[in-house]
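Peer 1: Could you have a look at this structure, given as structure tokens, before my questions?
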Amino acid sequence: MTQSATAPLEINVAQAHTILRETREAPALPLLIDVRETHELEIARIDTALHIPLRELPQKADTLPRDRPLLLLCHHGGRSRRATEYLRHLGFSNATNIVGGIDAWAEQIDPKLARY
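Just so we're aligned: 70 in this note's numbering is position 70 of the sequence shown, and the numbers increase by one with no gaps anywhere.
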């Protein structure tokens with residue numbers, strides 16, 4: 001994902017994992033954003049993710065960087081898809097939804113994560 005191009009609207013967990021693993025330097029350092037509720041993070045979480053519950057996104061969107069990839073996830077991908085579409089509406093062409101959410105992440109990337 002380059003800064004001048006629009007990021008894809010959606011990627012799968014394998015693609016997200018590759019982006020997060022391989023991109024370690026600014027300015028392209030991706031920001032993983034978890035839009036689930038706090039009680040869901042108590043069940044399963046990715047430690048490097050920034051937690052912004054979906055209902056708080058309108059108040060916090062202006063604090064997000066526009067020059068880094070934003071990778072959004074939730075439980076299965078529905079809420080993060082809405083969050084991605086909302087951010088795109090605000091002009092965040094760098095926002096991308098992770099299809100399948102943390103459930104797919106636990107199944108395909110980190111089987112130690114609890115599934116619910």
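By construction, the Cβ of each residue, glycine as well, lies at the ideal position given by its N, Cα and C atoms.
Values in this document were obtained by computation on a predicted structure and should not be read as measured data.
Could you give the uninterrupted runs of the beta strand (DSSP E) lying entirely in the segment 17-45, keeping only those of 3 residues or more?
Peer 2: Whole beta strand (DSSP E) segments, 3+ residues: 31-34.
Peer 1: Can you name, in chain order, every residue of its own chain whose Cβ lies under 8 angstroms from the Cβ of Phe92, other than the five neighbours on each side?
Peer 2: Excluding residues within five positions, the ones whose Cβ falls inside 8 angstroms are Ala61, Leu64, Arg66, Leu70.
Peer 1: Who does Ala95 pair with in a DSSP beta bridge?
Peer 2: Answer is Leu70.
Peer 1: Beta carbon of Thr96, beta carbon of Glu10: below 8 angstroms?
Peer 2: Result yes, Cβ atoms of Thr96 and Glu10 sit closer than 8 angstroms.
Peer 1: Under the assumption that Leu32 contacts Ile43 (Cβ atoms under 8 angstroms), give the Cβ distance between them as a whole number of angstroms.
Peer 2: 17 angstroms between Cβ atoms; not a contact.
Peer 1: Here's the rule: buried if 16 or more other CB atoms are within 10 angstroms of the residue's CB, otherwise exposed. What is His75?
Peer 2: So His75 ends up on the buried side.
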